[in-house]
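Quick notes on the structure that follows.
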Amino acid sequence: MKRRDLFKAALAAAFVAVSSTATVAADWPKRPINLVVPYKAGGGTDAYARAIAAAAKDVLDVPVVVVNKAGSGGLNGANAVVRARPDGYTMMMTSGGSFLLSTMTRDTDIDALESFDFVAQVGQLRTSLMVPVSSPFQSVQDVIDAAKANPGSLRWAHSGRGGFHHVGGLGFLANNGIEAQDVPFKGGGPTRAALIGEQADFGFLGVQQHRGFEDQLRALAVNSQDRDSVMTEVPAFGELGIPFAAVSSPVIVFAPKGTPAEIVSAMETALAEIAAKPEFAQLLAERGTGPVYAAGADAKASLSAMKADAQPLVNSLSN
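Here our numbering is used: the first residue of the sequence shown is 320, the next is one more, and so on.
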């Protein structure tokens with residue numbers, strides 16, 4: 320085949336590919352969208368996903384189906400989505416901070432910033448220090464004093480090593496010069512259940528997990544400088560003067576790398592509309608959280624900044 324014919328053939332193939340992508344984007348969505356949550360049902364990220372699915376009914380023409388794929392600190396679900404067809408029908412909603420930290424602390428080929436296309440941020444999760452309601456600990460200082468009196472004797476629960484609840488808890492221990500034995504569970508729901516069942520002396524879990532369980536759990540402090548905007552009754556480490564590691568987590572929707580830009584943009588627009596709906600805010604308020612929207616580019620910039628801030632902490636934890 321002559322060089323001119325080869326060029327024409329390549330140009331024709333490229334045109335067909337572009338036309339096919341444009342057709343797919345123009346027809347999207349035509350069937351249900353699977354929204355993978357890489358954690359068990361019952362946690363903070365899962366609550367956001369189910370609120371999205373409920374509030375999307377008059378925004379998208381198709382249902383949003385929540386699919387829980389737990390394991391490996393969120394990486395099992397991420398691996399499933401990174402291999403999915405980039406056609407807009409499989410996306411992932413995850414705790415951005417936990418996802419980022421998992422990729423930084425585990426042996427994986429996934430890069431939280433580069434392996435996916437960012438669609439949008441729809442929420443924000445904060446970890447907090449909680450104890451069973453029957454616990455003798457009435458304050459954060461009680462926990463610190465007990466841990467110092469008997470180093471390594473206390474057990475603390477979290478939703479998985481390498482996640483932001485785990486790292487936040489480790490930062491609290493390190494900054495206050497105390498030791499305790501960590502007990503990981505698979506997700507926020509199981510962590511809450513374990514703490515209620517007194518399988519640990521204290522735990523680090525999403526502050527929203529306290530909503531509806533006030534008679535079973537005592538929230539001592541949220542891991543931040545200021546109080547949470549929804550769970551305002553829980554004091555913050557900052558106001559208590561307790562040293563802590565400023566680790567939180569944006570809730571972000573990702574699409575497989577290579578998803579047509581038109582589809583990513585359409586989903587970003589849909590999520591902005593959903594996040595602004597009173598119904599969405601009400602559903603989240605019932606679960607102790609609230610909407611925090613940011614466009615995909617802004618969500619990526621925030622996670623990139625968080626990586627830079629977290630790297631020294633991650634390095635110190637691996638030593």
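Idealized CB from N, CA, C, for every residue including glycine.
Of the listed residues L603, V570, A627, nearest to G531 (C-alpha basis) | Nearest C-alpha to G531: L603.
S338 in three-state terms, based on DSSP | With a pLDDT of 45 at S338, under the threshold of 50, the modelled position of that residue is not reliable, and no figure is offered here.
Start and end residues, alpha helix (DSSP H) containing S584 | 580-594
State the start and end residues of the unbroken beta strand (DSSP E) segment that holds N387.
-> Counting along the chain, the beta strand (DSSP E) containing N387 begins and ends at 383-387.
Excluding the 5 residues preceding and the 5 following P509 in the sequence, name in chain order all residues of the same chain whose CB lies nearer than 8 Å to its CB.
-> A distance below 8 Å between beta-carbons, with the five flanking residues on each side excluded, links P509 to the following residues of its chain, in chain order: K359, G361, S478.
What residues match up with T422 in a beta bridge as DSSP calls it?
-> For T422, which the question treats as bridged, DSSP gives no partner whatsoever.
When the Cα of G633 is compared with those of S417, Y408, V450, which residue comes out closest?
-> Checking the sequence, you will find Val at residue 633 rather than Gly. Closest option to V633, Cα to Cα, is S417.
Give the single residue among N542, S548, E552 whose Cα lies nearest to the Cα of G277.
-> It is not possible to answer for residue 277, since the shown part of the chain is limited to 320 through 638.
Spell out a yes or no on whether the stretch 615-625 and the stretch 432-439 are touching, meaning 3 or more CB-CB pairs, one atom from each, closer than 8 Å.
-> yes
When we look at the beta-carbon of A580 and count the other beta-carbons within 10 Å, is it buried (16 or more) or exposed?
-> exposed
Determine the DSSP secondary structure at R511, reduced to helix, strand or coil.
-> R511: helix per DSSP, three-state reduction.
Alpha carbon to alpha carbon, how far is P503 from P562?
-> 23 Å
Whose C-beta lies closer than 7 Å to the C-beta of T422 among residues of the same chain, with five residues either side of it excluded?
-> Same-chain partners within the cutoff: I429, D430, A431.
Range of the contiguous beta strand (DSSP E) that encloses G487 = Taken as a continuous stretch (DSSP letters only), G487 belongs to no beta strand (DSSP E), being part of the alpha helix (DSSP H) at 483-494.
Status (buried if at least 16 other CB within 10 Å, exposed otherwise) for T551 = Label assigned to T551: exposed.
In this structure, what does DSSP give as the bridge partners for R537?
-> V450
Roughly how many whole angstroms lie between the Cα atoms of T578 and A345?
-> 13 Å
Taking Cβ positions, are T446 and F523 nearer each other than 8 Å?
-> Yes, these two residues count as a Cβ contact at 8 Å.
N-terminal and C-terminal residue of the beta strand (DSSP E) that A521 is part of = The sequence shown places Phe at residue 521, rather than the Ala named in the question. It spans 521-525 - the beta strand (DSSP E) in which F521 sits, taken as one unbroken run.
Which residues share a DSSP beta bridge with D365?
-> Paired residue(s): none; D365 is not in a bridge.
What is the rounded straight-line gap between the Cα of A512 and the Cα of Q601?
-> 24 Å
Taking the alpha helix (DSSP H) that V462 falls in, what are its first and last residues?
-> 459-468
With DSSP as the reference, label F556 as helix, strand or coil.
-> helix
Same chain, Cβ closer than 7 Å to E592, five either side skipped, listed in chain order = V378
Inter-residue Cα distance where the pair is R606 and A370 | 10 Å
Short check: CB of A629 to CB of V566, under 8 Å?
-> In terms of Cβ geometry, A629 and V566 form a close pair [threshold 8 Å].
Comparing alpha-carbon positions, which option in D534, P554, L444, G609 lies nearest G482?
-> L444
Tell me, which residues are paired with N353 by DSSP?
-> V384, T409
Kindly indicate which three-state DSSP category I371 falls into: helix, strand or coil?
-> helix
Among G507, G506, N494, L489, nearest to Q500 - alpha-carbon criterion = L489
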